[in-house]
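The sequence shown runs 120 to 944 under my numbering. A virtual CB, placed ideally from N, CA and C, is assigned to each residue, including glycine.
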Amino acid sequence: MSTEQESSYDIAATEQKWQPVWEELQPFRADDASEREKRYALTMFPYPSGDLHMGHAEVFALHDVVARYWWQQGYEVLNPMGFDSFGLPAENAAIRNDAHPDDYTRANIAKSIESCKRYAASFDWTRTFNTSDQDYYRWTQWLFLKLYERGLAYRKNSPVNWCPQDQTVLANEQVVAGMCERCGAEVTKKELTQWYFKITDYAQELLDGLDDLEATWPDRVVTAQRNWIGRSEGAHVDFVVEGRAEPITVYTTRPDTIFGTTFMVVAVDSPLAEELVTEEQREAFATYREEIRKASDIDRLSTDRPKTGVDLGVTATNPVTGEQMPVWATDYVLADYGTGAVMGVPGGDQRDWEFATAMGLPIIRTTRPPADFEGEAYSGEGETINSPAPGSDAPLDINGLGVEEAKRATIDFLEQQGTGKGAVNFRLRDWLVSRQRYWGPPIPIVHCPVDGEVPMPEDQLPVTLPMLKGSDLKPKGTSPLGGADEWVNVACPRCGGPATRDTDTMDTFVDSSWYMFRYCSPHETDRVFDSEKVNAWMPCNLYVGGVEHAVLHLLYGRFFTKVLNDMGLVDFREPWSTQLNQGFVINQGKKMSKSLGNGVNLGEQLSTFGVDAVRLTLVFAGPPEDDIDWANMSPEGSLRFLQRAWRLSGDVTSEPGVEPTAGDLALRRATARAVHEAAQLVEAYRFNVMVAKVMELVNATRKAIDSGCGPADPAVREATEAVAIMLSLVAPYTAEEMWERLGHEPTVARAGWPPVDEALLVEESVVAVVQVRGKVKARLDVAPDISEADLEAAALADESVQRAIDGAVVRKVIVRAPKLVNIVL
C-alpha cells in the first residue's frame, strides 16, 4: 500500500464493502428466545416523506449509540423500524399526480429503507411493517371495536376544529397557535358528528403516572402533559335561569368567590346559548356567533384578545345571595368546557374583569389583595371580603377566612342547600379520532336504520379501502369515501337490511398509539400481538424522539397502554420507561427551509464526508436535547479524526489475543479510564463527552507509539481495539474496517464491551496544587487517599511554599484533599 493510501481510506468503497456483509450477517436481529437480558430501544415512528433528512440523521445517530452500546454490553436488543404510512401528505400527492396514495407511500418507504441501511442504523429489518398494510390496520380496526365495546369509543355532534385547506377535522392537540399543525392553514369551527375516544376516563391515572415518569422523562415533556391534562379542584354550582326548568351547572375552581359573581357567560357556539337566547336578542346573537366561528380555540383563549359578547336577554339567580344577574354569550368560554357556561367573577379573574369593564358590569372583590398589589383582578391568597357585603342578610358568611377555608365552607353550604357539590375537573378533552379523508383506516362501523350503530364482525376485518385515486380523493367537506357507492352501501351485519358504512377514517395518531406492541410479534395473523412476547420485551427501555410530540403521541400511547392492560393483553400500564428528546438541526441560526435558502442536503453531506463523519458530527455537537446549527459544525474535522483512528489499526503489529498485561502501564491506564468513563457517559446520555473520551484515547495511543512504546506493544493493540469498539457506536464503517485490519472477523458491533481491570483505575498518585495568596507556588505528588491533615502538613513543609510565606502569619489553610491547598496570609 502506498504512503497516500496508508494515510486515508476510500469512504465510498468502505461503505459499499460493508453493507452487503452486514446484510448477510444481520447482527441486529433480535431473538425472542434468547436467554440474555432483553432491552427494547425504540425511535419514534417516522412518516415516509421521501429520502432521509438532517432530522432523521440526528435522531438515528443518537438512538444508535444506545442500541449498539446495549449489544456490546451483552443484552438482547429489540431495535425495530417501520413507517407511519397513512396520512394527508400521501393523499395530497396522489391528488396532484392523479395516482393512488399507496404508490407514493411504497416508493418513499423503499427509498427510506435504502437510506437507513446506508446510514448503518442498527435496525432489525425483519420486523418492519407499515401502518397502511392491511395486516396492520386490520388490528387498528379491531382495537377500535374493543374500545367501542368498553364504551371508550363513541359518536357525538359537536363544534369541531376544521382545517379548510385539508378539509378535515383536527383534535385540539393538532391546532397550534390557531393553525393546522399539518398544513399551517387557519383553523375554523364546524358542527359535525364525529367519533371520539374517551381518554378522559383515564385523566387522573394519566396525571398520576407522571409522578413515576418524571425521574426518567424530560422535565418539559412531563410539564407539558401535566398542563394539558390540567387537573383542578373546585365545585359544581347550580344556577337557576329565568324560563328554564332545569338549573345550569357550572364548574369553578374558586367557589369562595361566589359573592363576587355578577354575571354568567355562556359559550356562543354552545347548544345552551342557542336555547337561552330570547327572540329579541336572536338576530344579534346569530350574527355574533357566525363571526366567532371563524376563530380557533387558541385565538379565543388568547389573553390579549378584546372581550366581546351578546346579552342573551335572560337572568340567572346567584344561589347564595339570591340576586339576579345577566347571562351573556361570549367567545372566551369554550362549548366543550363543562356545560359551556361559567360564572363571571371579575374581581378574581382577569378575563372576567376585562369583560365586565367592556360591558359595564359590576365588579366586586372577594379576596383582599396585598397592599402593594397594582393589578386589576386578584386570584391569589388573602382574606375573604364582601362575602357577604356589609348589611346583607345572606345565609352564608365567610368573611375573614383564608382561601382554602372559605372554599371548604362554601362547598359545605352548597351541598347542604342542594345547590352544588365539590368536584374535580380536567382540562383534557376526549380525543377526536375521525377524519374526513381517504388515506387512513376506515372506521369499522355500519349505520343501520333499524339497528343503529353496528360494529363489523371481527371475522370480516379488515374493512379495506375502495380503490380511489386522483380527483376522486379531492376533499369535499365530507369524506371522499362517501362517493364510493358500492363500498358505502352494504347489508347490516345484524339484521341483513340495507345499511351504510361509516365514511370517516381514523386519525393517524391511532395507528402510532400501539405500534410499539406490534413490533414484538409483527407477523401475527390471528391476534393483535403475542402478549407473552410483549410482556418479555416491554415497557420500552428507551424511546427517542422530538419534544414536539410531548402531548399528542405520547399521551395517546399512554392511554392505549392502560386500556390494553385493562383488557388483560399486557402486564404494565406505561409503554416507555425512559424517554430522550433530541433537538433540531438548524442552519445559520434558523430552521432549514427552501424559502430561506438555508437547507442542507443530507445526501450531499454523506457523499462528501461519508456516513461516519456526519454521524460523528451530529453526536459530538452537544447534548442530545440541544439544537445543532449545521453552519457551525465541522464534518471535515470529524473525517480527519476518523482517519487518525483508522491509521492506528494499521500500525498495530502484535497478534490478536496477545495478553496486554505486559504492555505500557500509562497507556493501559488511559485505555481503562476511557472505556470505564465512556460506559458511564453513554448511560447518562452524554454522548458528546463519550466521543471526546475516545478522541483522547486516540491521541494517547498515537503519542505512546510515537514516543517509543512501539506498535508491537500489547497495550497499543488493547487501546486500538477499545477505540474500534467504542467507535462502533458512532462510526460503524470506520470501526468495522479497523476491526478487520486488527485481524478480527466481522462484526465489531457484537465484539463485546472491552473489559476493564479495576486495578488500572486506581491512581497511584495525584497532583495537589498549593496556592499562596491565590498564586500557584507548588505542585505535590501525593497519594489519592491522603488525609486533609497530612496534605496540609506536606504543603506547609514544601520549600517553595515556605519561601512564598516568607515569615508572614498564616491566617487560614483551606484544604480540598487530594488536589488543592490554599494558604491565606
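Please report the distance separating the alpha-carbon of residue i from that of residue j.
| i | j | result |
| --- | --- | --- |
| Val-663 | Thr-697 | 9 Å |
| His-668 | Ser-632 | 12 Å |
| Gln-701 | Leu-332 | 18 Å |
| Ala-212 | Asp-549 | 31 Å |
| Gly-676 | Thr-436 | 44 Å |
| Asp-909 | Ala-797 | 33 Å |
| Trp-261 | Pro-576 | 9 Å |
| Glu-310 | Ser-277 | 5 Å |
| Ala-477 | Ser-553 | 39 Å |
| Val-895 | Ala-750 | 40 Å |
| Thr-853 | Thr-250 | 35 Å |
| Ala-610 | Phe-164 | 37 Å |
| Lys-931 | Met-814 | 41 Å |
| Leu-533 | Asp-491 | 34 Å |
| Ala-834 | Val-885 | 22 Å |
| Thr-319 | Asn-291 | 14 Å |
| Ser-640 | Tyr-634 | 11 Å |
Can you find the residues in the same chain that come closer than 6 Å, C-beta to C-beta, to residue i, ignoring five residues on each side of it along the sequence?
| i | result |
| --- | --- |
| Ala-897 | Val-889, Asp-917, Ser-919, Val-920 |
| Trp-858 | Ala-843, Val-867 |
| Pro-220 | Ala-209, Glu-210, Ala-213, Trp-558 |
| Val-794 | Ala-841, Pro-873, Val-875 |
| Leu-939 | Val-888 |
With respect to the beta strand (DSSP E) encompassing residue i, which residues constitute its N-terminal and C-terminal limits?
| i | result |
| --- | --- |
| Gln-799 | Counting along the chain, Gln-799 falls outside any beta strand (DSSP E), though it belongs to the alpha helix (DSSP H) covering 784-802. |
| Lys-822 | Premise fails: Lys-822 lies in the alpha helix (DSSP H), 806-823, not in any beta strand (DSSP E). |
| Ile-564 | 564-567 |
| Asp-430 | 428-436 |
| Thr-116 | Any property of residue 116 remains undetermined from this structure, which presents the chain solely from 120 to 944. |
| Gly-541 | 539-545 |
| Lys-593 | Segment: none, Lys-593 is in no beta strand (DSSP E) and carries neither H nor E. |
| Trp-109 | The structure shown does not extend to residue 109, since the chain spans only 120 to 944, so no value can be given for it. |
Excluding sequence positions up to five away, which residues of its chain have a Cβ less than 8 Å from the Cβ of residue i?
| i | result |
| --- | --- |
| Phe-147 | Ala-186, Trp-190, Val-196, Asn-198, Ser-241, Phe-242, Asp-243, Ala-868 |
| Leu-144 | Pro-865, Thr-866 |
| Cys-302 | Leu-207, Cys-282, Gln-284, Asp-285 |
| Lys-593 | Ile-214, Pro-599 |
| Arg-692 | Glu-324, Gly-328, Thr-680, Lys-681, Asn-684 |
| Glu-125 | Residue placement at Glu-125 is poorly supported in this model, since its pLDDT is 45, which falls under 50; the coordinates still yield a value, given next. The residues are Arg-766, Gly-769. |
| Tyr-256 | Phe-205, Thr-250, Pro-560, Pro-581, Asp-630 |
Contact check, residue i vs residue j under 8 Å by CB: the rounded distance?
| i | j | result |
| --- | --- | --- |
| Pro-851 | Ala-239 | 4 Å |
| Thr-624 | Gly-521 | Not a contact, Cβ separation roughly 53 Å. |
| Val-279 | Gln-313 | 6 Å |
| Val-384 | Val-433 | Val-384 to Val-433, Cβ: 13 Å. No contact. |
| Pro-743 | Trp-695 | About 16 Å separates the two Cβ atoms, so there is no contact after all. |
| Val-543 | Pro-563 | Rounded, the Cβ-Cβ distance is 34 Å, inconsistent with contact. |
| Arg-787 | Pro-779 | 6 Å |
| Thr-790 | Ala-831 | 16 Å between Cβ atoms; not a contact. |
| Thr-485 | Ser-511 | About 13 Å; that fails the 8 Å criterion. |
| Asp-745 | Ile-705 | Incorrect: roughly 11 Å between the Cβ atoms, too far for contact. |
| His-672 | Phe-703 | The Cβ separation is near 17 Å, so there is no contact. |
Is the separation between the beta-carbon of residue i and that of residue j shorter than 9 Å?
| i | j | result |
| --- | --- | --- |
| Leu-580 | Tyr-557 | no |
| Ala-392 | Phe-404 | yes |
| Leu-735 | Leu-761 | yes |
| Leu-846 | Arg-237 | no |
| Gly-353 | Thr-371 | yes |
| Gly-169 | Ser-231 | yes |
| Tyr-638 | Arg-246 | yes |
| Glu-907 | Ala-870 | no |
| Leu-161 | Gly-349 | no |
| Pro-937 | Val-881 | no |
| Asp-375 | Gln-400 | no |
| Ile-228 | Phe-205 | no |
| Ala-513 | Gly-441 | yes |
Would you verify that the beta carbon of residue i is, or is not, closer than 9 Å to some beta carbon of chain B?
| i | result |
| --- | --- |
| Arg-935 | No chain B appears in this structure, which consists of one protein chain only. |
Short of 7 Å in beta carbon distance, which residues of its chain neighbour residue i, apart from the five on each side in sequence? Order them along the chain.
| i | result |
| --- | --- |
| Tyr-804 | Leu-699, Pro-743 |
| Tyr-267 | Pro-574 |
| Met-752 | Thr-736, Ala-740 |
| Ala-913 | Leu-899, Val-901 |
Which stretch, first to last residue, makes up the alpha helix (DSSP H) that contains residue i?
| i | result |
| --- | --- |
| Cys-235 | 220-237 |
| Val-891 | Premise fails: Val-891 lies in the beta strand (DSSP E), 885-891, not in any alpha helix (DSSP H). |
| Val-653 | 650-656 |
| Asp-357 | First-last for Asp-357: 350-360, but that is the beta strand (DSSP E), not the alpha helix (DSSP H). |
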